[in-house]
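Numbering-wise, the sequence shown is residues 1 to 94 according to the UniProt record's numbering.
Idealized CB from N, CA, C, for every residue including glycine.
Note that the structure is a prediction, hence the values are computed from the model and not measured.
Working notes, structure below.
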Amino acid sequence: MTASGDEDHAADVKPKMSLTINHDGIQCTIKQRPGMTLHKAFEAAEKRFIVQPGTLRFTYEGQRIHGHQTPAELDMEDGDMIDAHLGQTGGGRP
């Protein structure tokens, strides 16, 4: 392979970005590719925070985000913080 071929391959590989997930003052840093969905990052955070899967709700810049979204869709940058909150159930009147 030529030197220019190696450079082309290196340009095709997207670097991972570092995202921090914050829950009740505890922070968890996740390495994530910008084009990959956040689903696995959310699962890893729930394990780290020792909560049941599907218990946490995630927000970024005040907006709810979902596992099918990607950091690229949300215009996230390296070092951005995602907030994790316990999901509420109920709240309706009897």
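- Under the Cβ criterion (8 Å, minimum of three pairs), the segment 17-30 counts as touching the segment 76-86.
- Between residue 56 and residue 46, the gap from beta carbon to beta carbon is short of 8 Å.
- In the DSSP assignment, residue 41 falls within the alpha helix (DSSP H) that extends over 39-48.
- Per DSSP, the unbroken beta strand (DSSP E) holding residue 63 starts and ends at 63-65.
- With distances taken between CA atoms, residue 26 lies nearest to 50 out of 50, 61 and 67.
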